[in-house]
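Have a look at the structure below before the remarks.
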Amino acid sequence: MNGPFAFTLALGDDALIAAQRLAEWTTRAPEMEEDIALANIALDQLGAARLLLSYAGELEGAGRDEDALAYLRDDREFRNCLLVELPNGDFAVTMAKLLALSAYQLPLYTALAGCADERLAAIGAKARKESAYHLDHAALWVKRLGDGTEESHRRMQAGIDQVWPYVHELFAAPPGAPVDPATLRGDFDTTVAAVLAEATLTLPDSGWAPGGGRDGVHTEHLSYLLAEMQVLARAHPGARW
Amino acid sequence: MYGNDFSGEDAPGGLLGEVEAAEAALRAAAERDRGAAGPGEDLAAYFAQVIDADQKIEPRDWMPEAYRRTLIRQIAQHAHSEIIGMQPEGNWISRAPSLKRKAILLAKVQDEAGHGLYLYAAAETLGISRDELVDLLLNGRQKYSSIFNYPTLTWADVGAIGWLVDGAAIVNQVPLCRCSYGPYARAMIRVCKEESFHQRQGYEILHVLAHGTPAQKAMAQDALDRWWYPSLAMFGPPDGDSTHSAQSMAWKIKRFSNDELRQRFVDMCVGQAEVLGLTIPDPDLRWNDERQAYDFTQPDYAELMQVISGNGPCNRERMAHRRHAHTEGAWVREAAAAYAAKQKNKEKVAA
Chain A
0 MNGPFAFTLA LGDDALIAAQ RLAEWTTRAP EMEEDIALAN IALDQLGAAR LLLSYAGELE
60 GAGRDEDALA YLRDDREFRN CLLVELPNGD FAVTMAKLLA LSAYQLPLYT ALAGCADERL
120 AAIGAKARKE SAYHLDHAAL WVKRLGDGTE ESHRRMQAGI DQVWPYVHEL FAAPPGAPVD
180 PATLRGDFDT TVAAVLAEAT LTLPDSGWAP GGGRDGVHTE HLSYLLAEMQ VLARAHPGAR
240 W
Chain B
0 MYGNDFSGED APGGLLGEVE AAEAALRAAA ERDRGAAGPG EDLAAYFAQV IDADQKIEPR
60 DWMPEAYRRT LIRQIAQHAH SEIIGMQPEG NWISRAPSLK RKAILLAKVQ DEAGHGLYLY
120 AAAETLGISR DELVDLLLNG RQKYSSIFNY PTLTWADVGA IGWLVDGAAI VNQVPLCRCS
180 YGPYARAMIR VCKEESFHQR QGYEILHVLA HGTPAQKAMA QDALDRWWYP SLAMFGPPDG
240 DSTHSAQSMA WKIKRFSNDE LRQRFVDMCV GQAEVLGLTI PDPDLRWNDE RQAYDFTQPD
300 YAELMQVISG NGPCNRERMA HRRHAHTEGA WVREAAAAYA AKQKNKEKVA A
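Below you can see the structure in the form of structure tokens.
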């Protein structure tokens, strides 16, 4: 895998798997307005995924389009971070995941918007506006749940505790990347610290830092997610939809 | 999307024209601003005048209690249908066969949530809260369109719902754009425009399938076979058996009878099915020159009554799903309320 292809593929996979998980909330959200909001965020992620995967296919130069990349790869070929493939859990876990993802994607897309690769710059410029909204949304809910009722506080803290070890993987630098994610860590930490402080929550003190997603070594959850996502497309090889 | 089944194509070119005409009429009615009834005026007579003059009744106006109740029931059932209707299509979001189709379907299901909220807001103008209406749905005291109690078994069902179910909903709803109650008429204008977009998307899904591999074409035909009669049943029982129709027509809530709308729908679908190259599962479907309309086989109304009474294939699942989401979300809603109260207190202290 060449550097730009691997990097673009990884970001596209992050967005695609995040979209797939968020869309699972449709018809299940805690209130109707939230059903709409989560679908919106899922649509944004899906839109970014399509742009990134299409471009990744071009960089690879093997004739794969967005659908070939999304539907015809196995889990060992996916390059998303583990964070996005984790099951949704309760609403607090989902908001903890979204907080981490959007606090990472916002500075990442912002940096991409200024990078030398014009296509990635254009995608970054579009996606960063969406990420800013995702971050606002997640931050608002983390504060509401953290500083809401006793039960919501307990659940929100548990969500943060469960999700946070997976954050470290986001900042591992892939070779040949136009933006080194390690440089985004400061921004990320500042953003998250402010939200958690207001939410009366704390970061877990854990030395555990699971990883492997960028090398195609995933959790057990991903192949189930893909089995469901890909089942119809794979049952009809070569068909158009 | 919504049917007319319990009391209550690409031809949308023509229908969409009617939506626009209704919108223009609504504007014209607003410009002839009639003001509210003056003090001492006979309220019932004033109400009748407004209806006669094709003006709109607005939330500030006096209205007969039965008119209010009828509207609450109808608008709420419509709103519930949008919310429950998200489930059969939502069933295929995770498995949509291309990323483009996934995005379109997700956006469509999201639109339905939006329609639901919009309609609950219209019902709230009649003096009932959304929470009360949601409780009525969850307790089974108000219904939703029975069509959503059928399962979506294949991807082609997503196309069939768009083409037939949204198509039937549009035929049913376009006349509601001229409903005498202003907030409902305005909601319907907006909803119809989006539904017509959905219908085209559904039709296009089927068109691609019908022109695809033999397996895809068979999938499309199978979906039409299963959804045709339930879609015809969306217009409700035959006119002779329809309980609320006469009064609703007099109040100009309803403008056409169930059978008239059903006929209009059949006449619209025949040509569309031909373009698809699919066969409508009715051996007795044929053009009647005298009536200038198609003769067709009526849906099984006994089955419709069974589904309405709770015995369709998915009634229990649909309700259980909705109740589960509502119950599981309770702690989140409570947290949001508690947080809002704390913030308000902080503001008070700061002030």
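These protein sequences, in sequence, are chains A and B.
So for the first sequence, numbering that gives the first Met the number 0 puts the first residue at 0; every next one is plus one.
So for the second sequence, numbering that gives the first Met the number 0 puts the first residue at 0; every next one is plus one.
All C-beta atoms in this analysis are idealised placements derived from N, C-alpha and C, irrespective of residue type, glycine included.
The structure presented is a predicted model; accordingly, all values stated were derived computationally and were not measured.
Boundaries of the alpha helix (DSSP H) in which residue i is found, first to last residue
i                 : result
Arg315 of chain B : Asn314 to Glu327
Ala143 of chain B : One point to set straight first is that residue 143 of chain B is Tyr, not Ala, in the sequence displayed. Here Tyr143 of chain B belongs to no alpha helix (DSSP H), and DSSP marks it neither H nor E.
Asp179 of chain A : Neither: Asp179 of chain A is in no alpha helix (DSSP H) and is coded neither H nor E.
Tyr202 of chain B : Gly181 to Ala209
Val164 of chain B : Val164 of chain B -> no alpha helix (DSSP H), and no H or E assigned at all.
Asp242 of chain A : Only positions 0 to 240 of chain A appear in this structure, which leaves residue 242 of chain A out of reach.
Arg118 of chain A : Glu117 to Gly145
Ala102 of chain A : Phe90 to Ala112
Leu277 of chain B : It is not in any alpha helix (DSSP H) - Leu277 of chain B carries neither H nor E in the DSSP assignment.
Pro3 of chain A   : Gly2 to Ala22
Glu302 of chain B : Tyr300 to Gln305
Asp134 of chain B : Arg129 to Leu137
Gly89 of chain B  : Glu64 to Gly89
Gly237 of chain A : Element bounds for Gly237 of chain A: n/a, residue is neither H nor E.
Ala35 of chain B  : First-last for Ala35 of chain B: undefined, no H or E at that position.
Nonlocal neighbours in the same chain, by C-beta distance under 8 Å from residue i, ignoring five residues either side
i                 : result
Trp330 of chain B : none
Tyr165 of chain A : Cys80, Leu81, Leu82, Leu85, Ala99 and Pro209
Ala272 of chain B : Leu223, Thr278 and Ile279
Asp51 of chain B  : none
Pro177 of chain A : Pro3, Phe6, Leu111, Cys114, Ala115, Asp116 and Leu119
Ile122 of chain A : Ala47, Leu50, Leu51, Tyr54, Tyr108 and Leu111
Range covered by the beta strand (DSSP E) that runs through residue i
i                 : result
Trp286 of chain B : Arg285 to Asn287
Asp294 of chain B : Ala292 to Asp294
C-beta atoms of residue i and residue j nearer than 8 Å
i                 : j                 : result
Pro150 of chain B : Pro280 of chain B : no
Ala155 of chain B : Leu118 of chain B : no
Glu76 of chain A  : Phe4 of chain A   : no
Leu200 of chain A : Gly147 of chain A : no
Ala115 of chain A : Ala124 of chain A : no
Arg143 of chain A : Ala335 of chain B : yes
Ala78 of chain B  : Leu125 of chain B : no
Ala22 of chain A  : Ile82 of chain B  : no
His197 of chain B : Gly161 of chain B : yes
Tyr202 of chain B : Asp299 of chain B : no
Ala171 of chain A : Arg213 of chain A : yes
Thr212 of chain B : Ala196 of chain A : no
Leu116 of chain B : Leu42 of chain A  : no
Asp74 of chain A  : Leu169 of chain A : no
Leu183 of chain A : Pro236 of chain A : no
Gly158 of chain B : Ala219 of chain B : yes
Leu260 of chain B : Val170 of chain B : yes
Trp226 of chain B : Leu163 of chain B : yes
Ala375 of chain B : Ile188 of chain B : The structure shown does not extend to residue 375 of chain B, since chain B is modelled only from 0 to 350, so the question has no answer here.
Asp258 of chain B : Asp240 of chain B : no
Tyr183 of chain B : Ala121 of chain B : yes
Val18 of chain B  : Cys176 of chain B : yes
Close Cβ partners of residue i (< 6 Å) along its chain, the five nearest in sequence each way excluded
i                 : result
Trp24 of chain A  : Leu37
Val265 of chain B : Tyr293 and Phe295
Pro203 of chain A : Asp160 and Trp163
His323 of chain B : none
Val108 of chain B : Met85, Glu88 and Gly89
Asn314 of chain B : Asn148
Leu45 of chain A  : Ala18
Ala10 of chain B  : At Ala10 of chain B, the pLDDT of 43 sits below 50, so the modelled position is not reliable; the number obtained from the coordinates is stated separately. Same-chain partners within the cutoff: Met267.
Asn287 of chain B : Asp294
Ala198 of chain A : Val141, Lys142, Gly145 and Asp146
Ile16 of chain A  : Asn79, Val83 and Glu84
Met304 of chain B : none
Anticipated Cβ contact below 8 Å, residue i with residue j, distance rounded
i                 : j                 : result
Ala55 of chain A  : Ala14 of chain A  : So it is not a contact: roughly 11 Å between Cβ atoms.
Gln73 of chain B  : Ile252 of chain B : 7 Å
Ser97 of chain B  : Ala232 of chain A : 7 Å
Met31 of chain A  : Ala112 of chain B : 6 Å
Pro174 of chain B : Phe255 of chain B : 5 Å
Same chain only: Cβ atoms within 7 Å of residue i, ignoring 5 sequence neighbours per side
i                 : result
Gly276 of chain B : Ala209
Arg59 of chain B  : Ala35
Asp64 of chain A  : Ser53 and Gly56
Asn39 of chain A  : none
Arg317 of chain B : Ile83, Gln86, Phe147 and Asn148
Near the ligand GDP: residue i beta-carbon under 7 Å from a heavy atom
i                 : result
Ala124 of chain A : Among the components modelled here there is no ligand, and therefore nothing to report on the ligand GDP.
Where in the region 166 to 234 of chain A do unbroken runs of the beta strand (DSSP E), each at least 3 residues long, occur, reported from the N-terminal end onward?
The DSSP assignment places no complete beta strand (DSSP E) segment of no fewer than 3 residues inside the region 166 to 234 of chain A.
Tell me the start and end of each unbroken alpha helix (DSSP H) in the region 39 to 88 of chain A that is at least 4 residues and wholly inside, in chain order.
Here the runs fully enclosed are 65 to 70 and 81 to 84.
Near-chain E residues of the region 115 to 128 of chain A (beta-carbon distance less than 8 Å), N- to C-terminal order
Among the chains of the structure shown, chain E does not appear; the protein chains present are A and B.
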